[in-house]
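Per our numbering, the very first residue in the sequence shown carries number -7; after that it's consecutive. Think of the CB as a built atom: it goes at the ideal place given N, C-alpha and C, for glycine as much as any other residue.
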Amino acid sequence: MTERTRRYWPLIAAVAIVLPFAGRAAAKPRPAQGAAAPKPPAKARAAKQDRSLSQPPPLSPPRPLRLPQVVEQTLPNGLRMVILEDHTQPAIWLRLSLPAGNVRDPRGLVGISDLAAALLDKGTSTRTETQIADQVDGLGASLGAGAGEDNLVISASGLSPYAQTLMSLMADITLHPVFPPGEIERARTRTLNSITAALADPGTMAEAALARRVFGDHPYGNFSAGSPESLQAIRREDLVRFHDTYFAPNAATLFVAGDLTAARAQELAASAFGAWERKSVPMPPPAPPRPSSPPTRPQITLIDRPGSAQTEIRIGLLTAGYADPMRVQGSVATAVLGIGQFDGRLTKEIRVKRGLTYGVASYFDRKSQAGRFEISTFTKTASTADVVQLALDEARKLSRVPVGQEELQARKDYITGTFAVSVATPAGVLTRLIPAVLYGGGPADLTLYTSRVQAVTPLQIAAVMQGLSLAGPQVVLVGDAKAIEKSVSALGRVTKIPADSLDLSSPTLI
-7 MTERTRRYWP
3 LIAAVAIVLP
13 FAGRAAAKPR
23 PAQGAAAPKP
33 PAKARAAKQD
43 RSLSQPPPLS
53 PPRPLRLPQV
63 VEQTLPNGLR
73 MVILEDHTQP
83 AIWLRLSLPA
93 GNVRDPRGLV
103 GISDLAAALL
113 DKGTSTRTET
123 QIADQVDGLG
133 ASLGAGAGED
143 NLVISASGLS
153 PYAQTLMSLM
163 ADITLHPVFP
173 PGEIERARTR
183 TLNSITAALA
193 DPGTMAEAAL
203 ARRVFGDHPY
213 GNFSAGSPES
223 LQAIRREDLV
233 RFHDTYFAPN
243 AATLFVAGDL
253 TAARAQELAA
263 SAFGAWERKS
273 VPMPPPAPPR
283 PSSPPTRPQI
293 TLIDRPGSAQ
303 TEIRIGLLTA
313 GYADPMRVQG
323 SVATAVLGIG
333 QFDGRLTKEI
343 RVKRGLTYGV
353 ASYFDRKSQA
363 GRFEISTFTK
373 TASTADVVQL
383 ALDEARKLSR
393 VPVGQEELQA
403 RKDYITGTFA
413 VSVATPAGVL
423 TRLIPAVLYG
433 GGPADLTLYT
443 SRVQAVTPLQ
453 IAAVMQGLSL
463 AGPQVVLVGD
473 AKAIEKSVSA
483 LGRVTKIPAD
493 SLDLSSPTLI
């Protein structure tokens, strides 16, 4: 199946299903055998032809997101609650955010936050793993946890009549996990296998190396799953200590969305979490420092994989975090540069015009304290230097030449359209609401997002790009060094590292 067929397959399938029924519904009596079918009047034929040649109707103006009232409350033990009532269906979504993300992993124990999250529902002081799983399955619900860069989030969802049971289960795995030794070993083995498989992929290797180059020695640069050395070093007492240190009600936020009143949500939370005792939680590491004198040429890290037929390419720069006042303008800038099917400039220049890659994108990855701007692509070995140069040229051009209004409006419409789809469900709203509440301007980041996008100007996009150190970005290449080193050395300073010597725990990668 070709790429074009894959892109339009859902539409083709839908038409194939609908047409037979549409044909039956619109069928009219056939003329008698041998009789000529009557022709529509000439005027009707002309109108039909005009319609077939006309353009699709213009998009209606994007509408702002209208959230139900968001209620914020705080329990006596300091647990913050953010409640979003939605009674359109009998379901609820719960998210408990804790300051136990990857950024809190101690040096030498990288991966402990991911491991802790994976083990929370593997048994508590009152329930075995099997009992937890059976109870969740019996409710037709879901329960689990995952660690991100800044926070560990425990999630539960199910029908609203089971809200009390869901809240109780969530509280149990939050407050009383026992980290069974057998489960620790199984989780350790699974993670070690997944790390080996992940880093065998050159794309994953390039992403991990770029994070280390951009964030330096800061924990944001860690490969969050850990390394074989760090995972082998983690003991049960380390997991217990990590839990005791960072799981605290006064540092946590409970998000509740769905078919539950604010009063009932507070009542259930107080019953489930009320006995959770306050404690002092250490502050996260300070934000990674900006270089006092940014490099004036690209800093190229060439990870050598002899015999590779293509090169993975990552270009990155340190930026401000989620609270950056130019965050929305940055999103529009990267939409112009490289997001959204074939309409981004990078795709047009590198794929459509020259056929040098299958896919290319640019984006800002915003965390609590810092972020990174990134361009991501790949190409055949012989065109590596050309693709790096083309990508940098397009990014730099956007900082110098204001984007045209027609192009800009098309990209704004793309962003607001994808945003509308992403917040079409309560779970989708929560995904956007959590960082807005924890790091940004709260619900207004969602309700004003569409209008803020539409207000972005060409000069603001240029200003965003001018704020990046595009003269000397970090560039990571994973490919055959023998074939590409000479050509890429003309672009900047090259550091070559054999793939089998790559050390993701080191700021120098070796």
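Taken through DSSP and simplified to helix, strand or coil, lysine 271 comes out as coil. Selection Leu390, Arg58 and Lys271 evaluated against proline 241 yields Lys271 as nearest (Cα-Cα). Remark: C-beta atoms of alanine 92 and tyrosine 212 do not approach each other more closely than 7 angstroms.
Excluding residues up to 5 positions away in sequence, Ala428 lie with their Cβ nearer than 7 angstroms to the Cβ of aspartate 437 in the same chain. Where methionine 73 is concerned, the enclosing beta strand (DSSP E) starts and stops at 72 to 77. Collapsing the DSSP output to three states places glycine 138 in a strand. Contact between the segment 162 to 179 and the segment 323 to 332 is absent: fewer than three C-beta pairs spanning the two stretches fall below 8 angstroms. In the pairwise beta carbon analysis, the segment 466 to 477 is classified as touching the segment 366 to 375: at least three pairs are separated by under 8 angstroms.
Residue pairing of leucine 144 in beta bridges, as defined by DSSP: Leu90 and Ala139. In the structure shown, the three-state DSSP call for aspartate 385 is helix.
The alpha-carbon of alanine 412 is positioned some 8 angstroms away from that of leucine 57. Of the residues Leu460, Ile426, Ser498 and Ala203, the one whose Cα lies closest to the Cα of valine 145 is Ile426. Counting along the chain, valine 445 sits inside the alpha helix (DSSP H) bounded by residues 441 to 446. The shortest C-alpha to C-alpha distance from alanine 249 to any of Leu501, Val415, Pro53 and Tyr441 is the one to Val415. An exposed status is given to glutamine 156, since fewer than 16 other beta-carbon atoms sit within 10 Å of its beta-carbon. Under the DSSP assignment, valine 320 falls in the alpha helix (DSSP H) whose first and last residues are 319 to 330. Judged by DSSP secondary structure, phenylalanine 265 falls within the alpha helix (DSSP H) whose first and last residues are 254 to 265. In the same chain as valine 344, and ignoring 5 residues on each side of it, the C-beta atoms closer than 8 angstroms to its own belong to Phe334, in chain order. Taking the C-beta atoms as reference points, leucine 167 is found no nearer than 7 angstroms to glycine 150. Counting other Cβ atoms within 10 Å of its Cβ, leucine 101 reaches 16 or more and is therefore classed as buried. Per DSSP, the unbroken alpha helix (DSSP H) holding glutamine 156 starts and ends at 155 to 167. DSSP places tyrosine 212 outside any beta strand (DSSP E), giving it a letter other than H or E. Excluding the 5 residues flanking it on each side, alanine 254 has same chain C-beta neighbours closer than 8 angstroms at Val63, Gln65, Ile75 and Glu77, in chain order. Glycine 115 counts as buried, since at least 16 other C-beta atoms from the protein chains shown sit within 10 angstroms of its C-beta. Contact annotation, glycine 299 with leucine 67: C-beta distance approximately 59 angstroms; criterion of less than 8 angstroms not satisfied. Proximity to threonine 326 across Asp357, Arg72 and Ile502 peaks at Asp357, based on C-alpha coordinates. Between alanine 244 and leucine 71, the C-beta gap is smaller than 7 angstroms, which places the two residues in contact. The Cβ atoms of threonine 408 and valine 445 sit closer than 7 angstroms to each other. In summary, valine 467 is buried, with 16 or more beta-carbon neighbours lying within 10 Å of its beta-carbon over all protein chains present.
Residues of the same chain with their beta carbon placed closer than 7 angstroms to that of alanine 125 are lacking, with the five preceding and five following residues left out of the count. A direct Cα-Cα distance of roughly 8 angstroms separates aspartate 164 from threonine 118. Residues of the same chain with a CB within less than 6 angstroms of the CB of alanine 315, apart from the 5 flanking positions on each side, are Tyr431 and Gly432 in chain order. Pairing alanine 387 with serine 368 gives a Cβ-Cβ distance that is not under 7 angstroms. The C-alpha of glutamine 361 is placed about 11 angstroms away from the C-alpha of histidine 210. Under the criterion of beta carbons closer than 8 angstroms, arginine 87 and serine 134 do not qualify as touching, at roughly 12 angstroms.
For the pair glycine 484 and arginine 289, the CB atoms are nearer than the 7 angstroms cut-off.
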